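K.L.:
2 protein chains.
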Amino acid sequence: MICEIVCVGTEILLGDIVNTNAVYLSRKLAEMGISVLRQDVVGDNNERLTEMLRQALDRSDIVITTGGLGPTADDITRDKCCEVMDSKLVLDEKIKEQIEGYFISKGLKMSESNIRQAYVPEDGIVFENDNGTAPGFAIEKNSKCIIALPGPPREMKPMFEDKARKVLEKYSDAVFVSHNIKMMGIGESVMAEKAADLLENENPTAAPYAKDGECFLRVTASGKDKADAEEKAKPVVEEAVKRFREYVYAVDEENIETVLVKLLKKYKLKIALAESCTGGFAAKRITDISGASEVFDCGIVSYSNEIKNRILGVRKENLEKYGAVSEPVAKEMAEGVKRLSGADYGIGITGIAGPLSDSTNKPVGLSYIAVCDGETTECVEIKTSRHDRDYNRYVNGSRAFDLVRRKIIKRFEEQEEK
Amino acid sequence: MICEIVCVGTEILLGDIVNTNAVYLSRKLAEMGISVLRQDVVGDNNERLTEMLRQALDRSDIVITTGGLGPTADDITRDKCCEVMDSKLVLDEKIKEQIEGYFISKGLKMSESNIRQAYVPEDGIVFENDNGTAPGFAIEKNSKCIIALPGPPREMKPMFEDKARKVLEKYSDAVFVSHNIKMMGIGESVMAEKAADLLENENPTAAPYAKDGECFLRVTASGKDKADAEEKAKPVVEEAVKRFREYVYAVDEENIETVLVKLLKKYKLKIALAESCTGGFAAKRITDISGASEVFDCGIVSYSNEIKNRILGVRKENLEKYGAVSEPVAKEMAEGVKRLSGADYGIGITGIAGPLSDSTNKPVGLSYIAVCDGETTECVEIKTSRHDRDYNRYVNGSRAFDLVRRKIIKRFEEQEEK
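Protein chains in written order, with our numbering: chain A, 1 to 418; chain B, 1001 to 1418.
#1: So, does the CB of Thr287(A) fall closer than 8 Å to a CB anywhere in chain B?
#2: Is the beta carbon of Ala274(A) less than 8 Å from the beta carbon of Ile347(A)?
#3: Any beta carbon from chain A within less than 8 Å of Tyr1024(B)'s own beta carbon?
#4: Along the alpha helix (DSSP H) that carries Pro1158(B), what are the first and last residues, could you check?
#5: At which residues does the beta strand (DSSP E) containing Val1422(B) begin and terminate?
#6: Which same chain residues, not among the five before or five after Asn180(A), have their C-beta less than 6 Å away from its C-beta?
#7: What residues of chain A sit near Ile1012(B), judged by a beta carbon separation below 9 Å?
#8: Please list, in chain order, the residues of the stretch 1345-1357 of chain B that have any C-beta partner in chain A closer than 9 Å.
#9: Nearest to Ala353(A) by alpha carbon, out of Cys82(A), Pro363(A), Asp344(A)?
#10: Please state whether DSSP places Tyr322(A) in a helix, a strand or coil.
#11: Going by C-alpha distance, which of Gly1107(B), Ala1148(B), Tyr1102(B) is nearest Val1120(B)?
#12: Taking 8 Å as the cut-off, decide whether the C-beta atoms of Leu419(A) and Val63(A) are in contact.
#13: Inspect the beta-carbon positions of Met1156(B) and Thr1066(B) and report whether they are closer than 8 Å.
#14: May I have the straight-line CA-CA distance separating Arg1243(B) from Arg1405(B), to the nearest angstrom?
#15: Three-state secondary structure (DSSP) at Asp75(A)?
#16: For the stretch 160-178 of chain A against the stretch 88-96 of chain A, do three or more pairs of beta-carbon atoms, one drawn from each stretch, fall closer than 8 Å, so that the two count as touching?
#17: Using the three-state DSSP reduction, which class does Ile34(A) fall into: helix, strand or coil?
#18: Which chain B residues are close to Arg48(A), counting only those with a beta carbon under 7 Å from its beta carbon?
#19: For the stretch 109-139 of chain A, list every residue whose C-beta sits within 9 Å of some C-beta in chain B, in sequence order.
#20: Do Ala195(A) and Ala240(A) count as a contact pair if the criterion is CB distance below 8 Å?
#21: So is Ile1181(B) in contact with chain A if we call contact Cβ pairs under 8 Å?
#22: Do you know how far the Cα of Asn1021(B) is from the Cα of Phe1401(B)?
#23: Where DSSP assigns a beta bridge to Gly1223(B), which residues make up the other side?
#24: In whole angstroms, give me the CA-to-CA distance for Ile1186(B) and Ala1343(B).
#25: Short check: CB of Thr1350(B) to CB of Tyr1368(B), under 8 Å?
#26: Between the alpha carbons of Glu100(A) and Pro152(A), how many angstroms are there, rounded?
#27: Are the C-beta atoms of Pro1153(B) and some chain A residue less than 8 Å apart?
#28: Taking C-beta pairs closer than 9 Å, name the residues in chain B that Arg54(A) reaches, listed in chain order.
#29: Which residues in the same chain as Tyr1267(B) place their Cβ atom closer than 7 Å to its Cβ, once the five residues preceding and following it in sequence are excluded?
#30: Taking the straight line between their C-alpha atoms, what separation do you get for Arg389(A) and Asp1288(B)?
#31: Measuring CB atoms only, is the stretch 199-209 of chain A touching the stretch 259-266 of chain A, in the sense that at least three cross pairs come out at less than 8 Å?
#32: In three-state DSSP terms, what is Thr133(A)?
#33: Quick one: is Lys1362(B) near chain A, going by C-beta distance under 8 Å?
#34: Given that Phe1296(B) touches chain A, what residues does it touch there, using C-beta distances under 7 Å?
#35: What in chain B is Cβ-close to Phe160(A), meaning under 9 Å?
#36: Looking at chain B, is there any beta carbon in it that lies within less than 8 Å of the beta carbon of Glu193(A)?
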């Protein structure tokens, strides 16, 4: 079954809001095995919306709209969906009462225009709106289906989950499963070459992606049910993990910080962070994860040499001789924060994030990342050659987390294997 | 002139990434007075991309594509744009050398597939990519224009600004200017009521928006040229700033942290941060700004009580008696980090970001934010009543920055006025 998503709203075309409804619906439909071949955005304009809906219905079996169900004159989706499906709008007394009730419950006065929202397609399935006033609906006719959902995500998402999903389930012909093999330390094109044979597969398919200093291989299989699809995906996922073992940090995990926090929890370990160029970004990423307090107590953002020396105990000689962005300083930062915090691993991050260099004129994108485990302190040099501050700061954190991950694997899991 | 944005990428249709390119381009084009009537997303599929490009060129004067310019086999935008515009792809030796140089500079080996990116339309304008390898281009033929930009936002945005914009300017018929009056401490609906008369204007228009614990009024004027549009916008902007003076923290500034850093630089002041629930997020936001080192030396992420006590000097009695999320602890954090760093303002942030509460069962969304200026320590309580961790962490930082901003204004600027 082929589906097309049509988001209605001039505010999207003006760039006032990000179209998060499209990404949400696309993900849900992909999981259901309904292929989304197009996403479209059109403004609150009668001719253009009608044209787009007709074209979408020609191309696709299912058309899902979001937005334009409100009470104002420019909310035209309700009317146009009915027009293209030859359905009549009729007043739904029950919905009318609910809308009135909604306004009373909020102590608001209902404007007459809100009654427009109580009109529903006579031959459609009505989706009551538990989080707002505008109901949604589905119209199914001559082997085509159109589903209209409200624009505000907090109304659209629950309506999709609790109501539209039931209607859509019968259109799902195959089930798809995707797995992402996530890697650090290898480029997309090199990875794609090494995986060339896998990329040619029909089912499962494999596709390479690059993102923020990492890259991943997505393996997608279709099957008659989830188990069947998983079975088809399994061998390719296993082969990819084996082939890229030294680079793979996770399969499907959201990101490296999630992987690291889980690993730290598993072995009841703690990390501490001493950050210079990342300026708290690494700590922020760890504490983005609910429950991070089990594995993280202490982060020091030492943005000046004086704080590096006074709080972390980085030696003045080293700061003067090698500069703040150097291996000796990164190492002393890692050792200092470990000492200060009593954590199992101390991490030191210092670099030139850009866009400009510091007084030493070291190249932008140069960073040193050190990890101290109490016995040894390891340090890696990174050269991104990018002047993108956000990118450099992000990649530094990711590489630091991956370094600790590798140390833990080495110390615990590879031992276990022996 | 009518423009259509075509974003290419199966990953968008699968819901793996949010289509932020569309919102960015739409906003820029709106400012340039170029009407975007449709945004489309299509996958990396030859037939469907060709069909969509042909339809888009029929409907619109200008078609802008993003994505699909990379080195891998599924990057087909380059070829398809040329196909629909009847242009030939030719090898650009200069681009080829740049791509080779890019890989050498990164100490990476270039794979053969990367050479594909050095092919450009023979009759097109080539946009060199200063932030990646894939060049973009524009082809103008029989009063139609197609512009191809890379998918990664950090490559696409500068290429649009520095290169594509020049090509597009000649298609712009009216000039629009927008100004955002940004406020904290007032709700959108209350603001909208107080601004009701301004919202009725035709030119400039004024519209209220709410976002992440703040709200803003956008004033948009159109004119025959920029100066004319600015002149039309000016009185309404001035009236709004006057009317909402106590809440306005900026006009057009990107965010509160940018405003604060500028203000600190102006008066040669420094802040220091002691963070609990925000876990480095506040420090990250300050150090997002290039040159933050002038105003920020030291941030302490004290995620455990022990670190709050040992590094910041928060008294054990207070932690036990009032709990970590309390006014006394927020104040001692602010005082402690000011002492430790020698900054002019110490900020303490402690709260329950959620999604779950802590052992004390205080409500999620409850936070205490303290600012110490050496003489007094002020503390505000925040109750967002939201269980959204990211939202709560963001709002805490914003409120902290706004508190310091108000203190500086009071201490320096209001004095000056007297």
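Note that CB positions come from ideal geometry on N, CA and C, so glycine has one too. None of the values given here were measured: they were computed from a predicted structure.
P.N.:
According to the data block:
#1: Walking along the first sequence from the start, residue 287(A) turns up at place 287. For Thr287(A), the answer is yes, since a Cβ of chain B falls inside 8 Å of its Cβ.
#2: Along the first sequence, read from residue 1 onward, the residue named residue 274(A) stands at position 274. Along the first sequence, read from residue 1 onward, the residue named residue 347(A) stands at position 347. Contact flag set, yes.
#3: On the second sequence, residue 1024(B) is found 24 positions in, with the first residue counted as 1. Answer yes: the Cβ-Cβ gap between Tyr1024(B) and chain A drops below 8 Å somewhere.
#4: As a first step, residue 1158(B) is located in the second sequence; it is residue number 158 there, counting from the start. Start and end: 1153-1159.
#5: The displayed coordinates of chain B run from 1001 to 1418. Any statement about residue 1422(B) would go beyond what the structure contains.
#6: Stepping through the first sequence from its first residue, residue 180(A) is reached at position 180. Same-chain partners within the cutoff: Phe216, Arg218, Asp252.
#7: Residue mapping note: residue 1012(B) aligns to position 12 of the second sequence, counting from 1. Within 9 Å Cβ-Cβ: Ala22, Val23, Ser26, Gln39.
#8: Ala1353, Gly1354, Pro1355, Leu1356
#9: In the first sequence, residue 353(A) corresponds to position 353, counting from 1. Here the closest residue by C-alpha is Pro363(A).
#10: Residue mapping note: residue 322(A) aligns to position 322 of the first sequence, counting from 1. Three-state result, Tyr322(A): helix.
#11: Position 120 of the second sequence, counted from the first residue, corresponds to residue 1120(B). That would be Ala1148(B), whose Cα lies nearest to the Cα of Val1120(B).
#12: With chain A running from 1 to 418 in the structure shown, residue 419(A) is simply not present.
#13: Residue 1156(B) sits at position 156 when you count from the first residue of the second sequence. Residue 1066(B) sits at position 66 when you count from the first residue of the second sequence. Closer than 8 Å, so yes.
#14: For the purposes of this step, residue 1243(B) is identified with residue 243 of the second sequence, where counting begins at 1. For the purposes of this step, residue 1405(B) is identified with residue 405 of the second sequence, where counting begins at 1. Straight-line Cα distance between these residues: approximately 19 Å.
#15: Counted from its first residue, the first sequence places residue 75(A) at position 75. Looking at Asp75(A) - three-state DSSP - the assignment turns out to be coil, as it is neither helix nor strand.
#16: no
#17: Mapped onto the first sequence, residue 34(A) falls at position 34. Reduced to three states, the DSSP call for Ile34(A) is coil.
#18: For this step, residue 48(A) is matched to residue 48 along the first sequence. Neighbours of Arg48(A) on chain B, chain order: Leu1037.
#19: none
#20: Residue 240(A) sits at position 240 when you count from the first residue of the first sequence. Residue 195(A) sits at position 195 when you count from the first residue of the first sequence. Against a cut-off of 8 Å, the Cβ pair of Ala195(A) and Ala240(A) comes out as a contact.
#21: For the purposes of this step, residue 1181(B) is taken as the residue at position 181 of the second sequence. No, Ile1181(B) lies away from the interface with chain A (no Cβ there is under 8 Å from its Cβ).
#22: Here the question's residue 1401(B) lines up with position 401 in the second sequence. Here the question's residue 1021(B) lines up with position 21 in the second sequence. Looking at the two C-alpha atoms, the distance is approximately 29 Å.
#23: Taking the second sequence and counting its residues from 1, the one referred to as residue 1223(B) is at position 223. Bridge partners of Gly1223(B): Val1175(B).
#24: Here the question's residue 1186(B) lines up with position 186 in the second sequence. Here the question's residue 1343(B) lines up with position 343 in the second sequence. Whole-angstrom Cα-Cα distance: 30 Å.
#25: Within the second sequence, numbered from 1, the residue matching residue 1350(B) stands at position 350. Within the second sequence, numbered from 1, the residue matching residue 1368(B) stands at position 368. Going by C-beta atoms, Thr1350(B) is nearer than 8 Å to Tyr1368(B).
#26: Reading the first sequence from its first residue, position 100 is the one you call residue 100(A). Reading the first sequence from its first residue, position 152 is the one you call residue 152(A). Approximately 20 Å between the Cα atoms of the pair.
#27: Translated into the one-based positions of the second sequence, residue 1153(B) becomes position 153. Answer no: the Cβ-Cβ gap between Pro1153(B) and chain A never drops below 8 Å.
#28: Translated into the one-based positions of the first sequence, residue 54(A) becomes position 54. Going along chain B, no residue has its Cβ under 9 Å from Arg54(A), so there is no contact; the nearest lies around 13 Å.
#29: Along the second sequence, read from residue 1 onward, the residue named residue 1267(B) stands at position 267. Same-chain partners within the cutoff: Ile1408, Phe1412.
#30: To locate residue 389(A), count along the first sequence from 1; it is residue 389. To locate residue 1288(B), count along the second sequence from 1; it is residue 288. Looking at the two C-alpha atoms, the distance is approximately 8 Å.
#31: no
#32: For the purposes of this step, residue 133(A) is identified with residue 133 of the first sequence, where counting begins at 1. It is coil, neither helix nor strand.
#33: Position 362 of the second sequence, counting from 1, holds the residue named residue 1362(B). No, because no Cβ of chain A sits closer than 8 Å to the Cβ of Lys1362(B).
#34: As a working note, residue 1296(B) is residue 296 in the second sequence. Chain A residues near Phe1296(B): Tyr303.
#35: As a position in the first sequence, residue 160(A) is number 160, starting the count at 1. Correct list: empty, because the minimum Cβ distance to chain B is about 12 Å.
#36: Residue mapping note: residue 193(A) aligns to position 193 of the first sequence, counting from 1. Yes, contact with chain B.
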